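**Q**
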Amino acid sequence: MASAAEKQPMGLRIFLYGFVVFWLILAAFPFLWTLWGSFKVELDFFSKADWTNALSGARTMAETGSAFTGAGYEGAWVQEEFWKAVINTFLVCFFVVCTSLTIGTLGGYALSRSGYRYTFWLLILALIFRAMPPITLVSGYLLPFFEWNLWGILPTTIIVLVAINQPFTLWMLHSFFQKIPKDLDESAMVDGCTRFQAFRHVIIPVMWPGVITTGLFSFLLAYNDFAVTAMLLSKENQTMVPKIASFLGTTQTEGNVMFAVASVVSATAPLFVLVMFFQRQIVSGLTAGAVKG
Amino acid sequence: MKHRTFFWFFLPTALAMLLFIAMPIVSVITQSLHTAHDQVFIEVENCGPFGCEKEVSVDTEATEKIRREQPLGKWAGLTIYLDRGHLATAEVAEAWRTSADIGSFLSTINNLPFYRAMSFTLTYTFVVTPLLIILGFMIAVAVNALNQKLKGLVIFFSLLPMIVTPLIGSLILFWMIDARGVIGSGLQWLAGDPDLSLKASTGLTWIMLMVYGIWHSAPFAFVVFYAGLQTLPQDTLESAMIDGASRWQRIRYVVIPHILPLVTFVALIQLMDNFRVFEPIVGFNAEAHATSLSWIIYNDLGGETRLLSSAATSSVLTIIGVAILLSPVLVRTWRDFNRKT
Numbered sequence: 000m001a002s003a004a005e006k007q008p009m010g011l012r013i014f015l016y017g018f019v020v021f022w023l024i025l026a027a028f029p030f031l032w033t034l035w036g037s038f039k040v041e042l043d044f045f046s047k048a049d050w051t052n053a054l055s056g057a058r059t060m061a062e063t064g065s066a067f068t069g070a071g072y073e074g075a076w077v078q079e080e081f082w083k084a085v086i087n088t089f090l091v092c093f094f095v096v097c098t099s100l101t102i103g104t105l106g107g108y109a110l111s112r113s114g115y116r117y118t119f120w121l122l123i124l125a126l127i128f129r130a131m132p133p134i135t136l137v138s139g140y141l142l143p144f145f146e147w148n149l150w151g152i153l154p155t156t157i158i159v160l161v162a163i164n165q166p167f168t169l170w171m172l173h174s175f176f177q178k179i180p181k182d183l184d185e186s187a188m189v190d191g192c193t194r195f196q197a198f199r200h201v202i203i204p205v206m207w208p209g210v211i212t213t214g215l216f217s218f219l220l221a222y223n224d225f226a227v228t229a230m231l232l233s234k235e236n237q238t239m240v241p242k243i244a245s246f247l248g249t250t251q252t253e254g255n256v257m258f259a260v261a262s263v264v265s266a267t268a269p270l271f272v273l274v275m276f277f278q279r280q281i282v283s284g285l286t287a288g289a290v291k292g
Numbered sequence: 000m001k002h003r004t005f006f007w008f009f010l011p012t013a014l015a016m017l018l019f020i021a022m023p024i025v026s027v028i029t030q031s032l033h034t035a036h037d038q039v040f041i042e043v044e045n046c047g048p049f050g051c052e053k054e055v056s057v058d059t060e061a062t063e064k065i066r067r068e069q070p071l072g073k074w075a076g077l078t079i080y081l082d083r084g085h086l087a088t089a090e091v092a093e094a095w096r097t098s099a100d101i102g103s104f105l106s107t108i109n110n111l112p113f114y115r116a117m118s119f120t121l122t123y124t125f126v127v128t129p130l131l132i133i134l135g136f137m138i139a140v141a142v143n144a145l146n147q148k149l150k151g152l153v154i155f156f157s158l159l160p161m162i163v164t165p166l167i168g169s170l171i172l173f174w175m176i177d178a179r180g181v182i183g184s185g186l187q188w189l190a191g192d193p194d195l196s197l198k199a200s201t202g203l204t205w206i207m208l209m210v211y212g213i214w215h216s217a218p219f220a221f222v223v224f225y226a227g228l229q230t231l232p233q234d235t236l237e238s239a240m241i242d243g244a245s246r247w248q249r250i251r252y253v254v255i256p257h258i259l260p261l262v263t264f265v266a267l268i269q270l271m272d273n274f275r276v277f278e279p280i281v282g283f284n285a286e287a288h289a290t291s292l293s294w295i296i297y298n299d300l301g302g303e304t305r306l307l308s309s310a311a312t313s314s315v316l317t318i319i320g321v322a323i324l325l326s327p328v329l330v331r332t333w334r335d336f337n338r339k340t
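Read top to bottom, the protein sequences are chains A and B.
Read left to right, the first sequence gives residues 0 to 292 (numbering that gives the first Met the number 0).
Read left to right, the second sequence gives residues 0 to 340 (numbering that gives the first Met the number 0).
Dropping the structure here:
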C-alpha cells in the first residue's frame, strides 16, 4: 500500500504528527477538562488562586473530604429534577426519529423512483426549506399555537421537529435510494407485488444502512435543537438543552454553576457513546451528499 | 412511477412540510404586516364636591376584548419594517445627512440593532467559512498521512466538536475562557495582565465566537475532505512525482483540483449554517457585544412581552438574507440536474 508518493521525510513526519496532536488536544481537551471538573466544587473548577486546583481539587478536599464530589450531579439530577428533562429529551428524540424515518422513507423512495420533472422542483423546495433558520419559523408558530392551545406540550414540538427535519431527511434518503438499482423493485413488481409491497419487502431490507444513518442525523437534529424546544415547550416539559440554558439564567450563586456543568456532562455522554458506536455511519452520512456530486 | 402512486407515497411528508414550514412562512409574513392593538382609552368624569374632572384611563376590558377578537393586531403595512428596530430608514437618512465622514456614519449605523446584528452575522459567516475550510483541509491531509491504526481514533475525537450540541459546546468553552477558567487564566498569564477578560471587550468577544465557530465546524470539512482524499487517483500522483513535482506542487496541482468540488459543497453548506449563528451567543452570554439576526428574533420572542410582530419582521428580513445566500446553491443544483437528465 505504501507507494513512493506516500513516503515522507523525517521532518515532515514530525510536523504532521505534531499537527494532528495539536488538533486532537483542541478537539478533545475541553471535554475531558469539563468531565474532570464536574466532580469538583465551584471554587476549584473556577479557581482564581491557582489553576492546578482544578486538577488536584484542593478546595473540594477541604469542603467534602475527598478529591471528587458528586454534589453537582446530585443537585442537578435530584434537586433541580434534571431527570425529567432527560426523559422528555428521549421521548422527543424517539418519536421524532420514528416519525421522520417513516414518512421520509416513503417520500424519499417516491422521489428517487419517479422520473418526472416535478421531483426536481420538490427537491429544490426542500433545499430552500432546509436553509431556513428554525427560529424564523418559530415566530410563525407561536400565535396559532397560543390560539389553539397547542403551545407547551411535547407532541406539538415533536411534530414541528419532524417537519423541520424532513427536508434534510428527504435529501439524504433520496441519495441513498438512488444507489439501489431500479431493477430490484421492478422485478418484484413483475412478480406481482404492488408498489408498496415492493417498497416494504424488497427495498427496505436492503436500505437498512441508509435508514440507520439518516435516523442518526434525525436524532442529532432533535437532540441538539435549542431554538424550537426553548420557544415551544413550557417549563414543566423542557428538554435537556433549554433546561441547561435555564440553569444559567438563574443567578450564578455558588453551586448553581456546578449544576449546569454536571448537566452539560450528562447531556454530552450519550453523544459520546453514539459517536463511538456509529462513527462509520456518521462519516458515510456526512459524505453522502458530497462525494457523488 | 405513476403520478397517483407518487402522490400517495409523498403525501405524508408533503403535508408535514406544508403545514409546519410553508404555512408558518405565510404566517410570519402576515404577522410582520400587523402590529399590536393600542390600548383603548375611556374618558371618565369624576364629580366631587369641587366640581367635575375629566380623567382618561385604560379600558382594560375593551382592550382585552379587541385583542382576543383580532389576535393578529391591527394592520400596519410596512411601518414595522421601517422602524428603528429594523431597517430604520429615517435614522439612516438622518445619519447620512448629519455625519461628517463615512466613519462616523458607519458607527451611527452600527448602533441600530438590526444593522449591528447584520454586521456581526455577515462578518461571522464570511470569516468562519474560509478559515474552517482551510483548517479542515489541513487536518484531512495530516490524518491521511497517519498510519491506519491511529486514523480511527483521531476521527473519533475529531467528530466530537461537531456532534456536540452547539449550546453545550459553547458553554464548555465559555467556562474555560472565563477569567477564572483554565484558558482564561492562561491568557492572563501570557499577556501579563491579571485583569484581562475576554468577555469585556467587543473585539475579543467577536474573535472568541469565531474561534468557537471554526472549532465547531472544521470537523465537517475535515470528514468530507478526508473522504475525498480516499478517492485520490494514485497514478496521477505518482506520475506527477516522476515528472519532478515537489510535495507542495503535488498538493497544489493534483490534490486541490481533485477535491475542489467538495470545497464548493462545504462552503455552500457552511455559508447557510453560519448565517444562522445563534446558540454560541446565548452560550457565551455575548449579547452585549455581538448579536446575530437569529438572536434578535429569539430575544423578541422570549421574555414577558412577546413582540411577535417585531420578531416576524426580523424573520422575514432574515429569510430574504438566506435567499440571497442560497441563490448560488440553487444555480449549482439546477446545472447538476440538467447535466444528469
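Glycine included, C-beta positions come from ideal geometry on N, C-alpha and C.
In this text, all values refer to a predicted model and were calculated from it rather than measured experimentally.
1) Where Ala139 (chain B) and Met275 (chain A) are concerned, what is the direct C-alpha to C-alpha distance, given to the nearest angstrom?
2) In angstroms, rounded to a whole number, what distance separates the CA positions of Met60 (chain A) and Ala66 (chain A)?
3) Could you check whether Tyr222 (chain A) and Phe176 (chain A) sit closer than 8 angstroms to each other, using their CB atoms as the reference points?
4) At the level of alpha carbons, what is the spacing between Gly69 (chain A) and Ile86 (chain A)?
5) Indicate the three-state DSSP secondary structure (helix, strand or coil) for Trp120 (chain A) in the structure shown.
6) Relative to the C-alpha of Ile41 (chain B), which candidate in B:Val276, B:Arg305, B:Glu52, B:Ala61 has its C-alpha closest?
7) If contacts are defined as beta-carbon pairs under 8 angstroms, then Arg216 (chain B) and Met161 (chain B) qualify, I think. What distance do you get, rounded to the angstrom?
8) Taking one C-beta from the region 155 to 164 of chain A and one from the region 191 to 201 of chain A each time, how about it: are there three or more such pairs within less than 8 angstroms?
9) Ile41 (chain B) lies in the beta strand (DSSP E); which residues open and close that run?
10) Quick check: does the Cβ of Val137 (chain A) come within less than 7 angstroms of any heavy atom belonging to the ligand NAD?
11) When we look at the beta-carbon of Ile24 (chain A) and count the other beta-carbons within 10 Å, is it buried (16 or more) or exposed?
12) Within 8 angstroms (strictly less), CB to CB, does Gly292 (chain A) reach chain B?
13) Mind listing the chain A neighbours of Gln30 (chain B)? Cutoff is C-beta to C-beta under 8 angstroms, in chain order.
14) If you measure beta-carbon to beta-carbon, which residues of the region 175 to 195 of chain A are closer than 7 angstroms to chain B?
15) Who pairs with Ser56 (chain B) in a beta bridge, going by DSSP?
16) Give the straight-line distance between the Cα atoms of Phe93 (chain A) and Val55 (chain B), rounded to the nearest whole angstrom.
17) Could you please give the first and the last residue of the uninterrupted alpha helix (DSSP H) stretch that includes Arg249 (chain B)?
18) Does any residue of chain B bring its CB to less than 8 angstroms from the CB of Glu79 (chain A)?
19) By the criterion of Cβ-Cβ separation under 7 angstroms, what are the contact partners of Val161 (chain A) in chain B?
20) Assuming Thr168 (chain A) and Ser99 (chain A) are in contact, meaning their beta carbons sit under 8 angstroms apart, how far apart are those beta carbons, in whole angstroms?
21) Step through the CB atoms of chain B and report whether any lies within less than 8 angstroms of the CB of Ala70 (chain A).
22) Figure out for me which residue from B:Met271, B:Thr312, B:Ala285, B:Ser308 has the closest Cα to the Cα of Ala323 (chain B).
23) I'd like to know if the region 230 to 249 of chain A and the region 7 to 15 of chain A are in contact, where contact means that at least 3 CB-CB pairs between them fall below 8 angstroms.
24) What would DSSP say about Lys73 (chain B), mapped onto helix, strand or coil?
25) Cβ closer than 8 angstroms: which chain A residues qualify as neighbours of Phe9 (chain B)?
26) For a contact defined as C-beta to C-beta under 9 angstroms, what are the partners of Val40 (chain A) on chain B?
**A** To lay it out plainly:
1) Along the second sequence, one-based indexing puts residue 139 (chain B) at 140. Along the first sequence, one-based indexing puts residue 275 (chain A) at 276. Looking at the two C-alpha atoms, the distance is approximately 20 angstroms.
2) Here residue 60 (chain A) refers to the residue found at position 61 of the first sequence. Here residue 66 (chain A) refers to the residue found at position 67 of the first sequence. Between Met60 (chain A) and Ala66 (chain A), the C-alpha separation is close to 5 angstroms.
3) Residue numbering aside, residue 176 (chain A) sits at position 177 when the first sequence is read from its first letter. Residue numbering aside, residue 222 (chain A) sits at position 223 when the first sequence is read from its first letter. No. Outside cutoff.
4) Here the question's residue 69 (chain A) lines up with position 70 in the first sequence. Here the question's residue 86 (chain A) lines up with position 87 in the first sequence. Approximately 21 angstroms between the Cα atoms of the pair.
5) Counted from its first residue, the first sequence places residue 120 (chain A) at position 121. Helix.
6) Counting from one through the second sequence, the residue named residue 41 (chain B) turns up at place 42. Of all alpha-carbon atoms in B:Val276, B:Arg305, B:Glu52, B:Ala61, the one lying nearest the alpha-carbon of Ile41 (chain B) is that of B:Ala61.
7) Residue 216 (chain B) sits at position 217 when you count from the first residue of the second sequence. Residue 161 (chain B) sits at position 162 when you count from the first residue of the second sequence. Residue identity differs from the one stated: residue 216 (chain B) is Ser in this sequence, not Arg. Their Cβ separation, rounded to whole angstroms, is 7 angstroms, which keeps Ser216 (chain B) and Met161 (chain B) in contact under 8 angstroms.
8) no
9) Start at 1 with the first residue of the second sequence, and residue 41 (chain B) comes out as number 42. Note, Ile41 (chain B): beta strand (DSSP E), 40 to 47.
10) The model on display carries no ligand, and the ligand NAD is accordingly not part of it.
11) In the first sequence, the residue the question calls residue 24 (chain A) occupies position 25. Classification of Ile24 (chain A): exposed, given that the 10 Å Cβ count is below 16.
12) Numbered from its first residue, the first sequence carries residue 292 (chain A) at position 293. Bear in mind that the predicted position of Gly292 (chain A) carries a pLDDT of just 35, short of 50, making it unreliable; the figure below should be weighed with that in mind. Contacts with chain B at 8 angstroms (Cβ-Cβ) include Gly292 (chain A).
13) Here residue 30 (chain B) refers to the residue found at position 31 of the second sequence. Correct list: Ser138, Gly139, Leu142.
14) Only those residues of the region 175 to 195 of chain A whose C-beta falls short of 7 angstroms from the nearest C-beta of chain B are listed: Arg194.
15) Counted from its first residue, the second sequence places residue 56 (chain B) at position 57. Its beta-bridge partners are B:Ile41.
16) For the purposes of this step, residue 93 (chain A) is identified with residue 94 of the first sequence, where counting begins at 1. For the purposes of this step, residue 55 (chain B) is identified with residue 56 of the second sequence, where counting begins at 1. Looking at the two C-alpha atoms, the distance is approximately 56 angstroms.
17) Numbered from its first residue, the second sequence carries residue 249 (chain B) at position 250. From DSSP, the alpha helix (DSSP H) with Arg249 (chain B) extends over 246 to 249.
18) Position 80 of the first sequence, counting from 1, holds the residue named residue 79 (chain A). So no, Glu79 (chain A) is outside the interface.
19) Taking the first residue of the first sequence as position 1, residue 161 (chain A) is located at position 162. Those are Ala15, listed as they occur along chain B.
20) For the purposes of this step, residue 168 (chain A) is taken as residue 169 along the first sequence, with counting starting at 1. For the purposes of this step, residue 99 (chain A) is taken as residue 100 along the first sequence, with counting starting at 1. About 5 angstroms separates the two Cβ atoms, so the contact holds.
21) Counting from 1 along the first sequence, the entry for residue 70 (chain A) is found at position 71. Answer no: the Cβ-Cβ gap between Ala70 (chain A) and chain B never drops below 8 angstroms.
22) In the second sequence, the residue the question calls residue 323 (chain B) occupies position 324. Strictly speaking, residue 323 (chain B) in this sequence is Ile, with Ala absent from that position. Closest option to Ile323 (chain B), Cα to Cα, is B:Met271.
23) With a cut-off of 8 angstroms, the region 7 to 15 of chain A and the region 230 to 249 of chain A do not count as touching, because too few Cβ pairs lie within range.
24) Indexing the second sequence from 1 puts residue 73 (chain B) at position 74. Of the three classes helix, strand and coil, the one that applies to Lys73 (chain B) here is strand, per DSSP.
25) Your numbering for residue 9 (chain B) matches position 10 in the second sequence. Identification of chain A residues near Phe9 (chain B) by a Cβ-Cβ cut-off of 8 angstroms yields Leu105, Gly106, Ala109, Leu110, Leu121, ordered along the chain.
26) For the purposes of this step, residue 40 (chain A) is identified with residue 41 of the first sequence, where counting begins at 1. By Cβ distance, chain B contributes nothing, its closest Cβ being about 13 angstroms from Val40 (chain A), past 9 angstroms.
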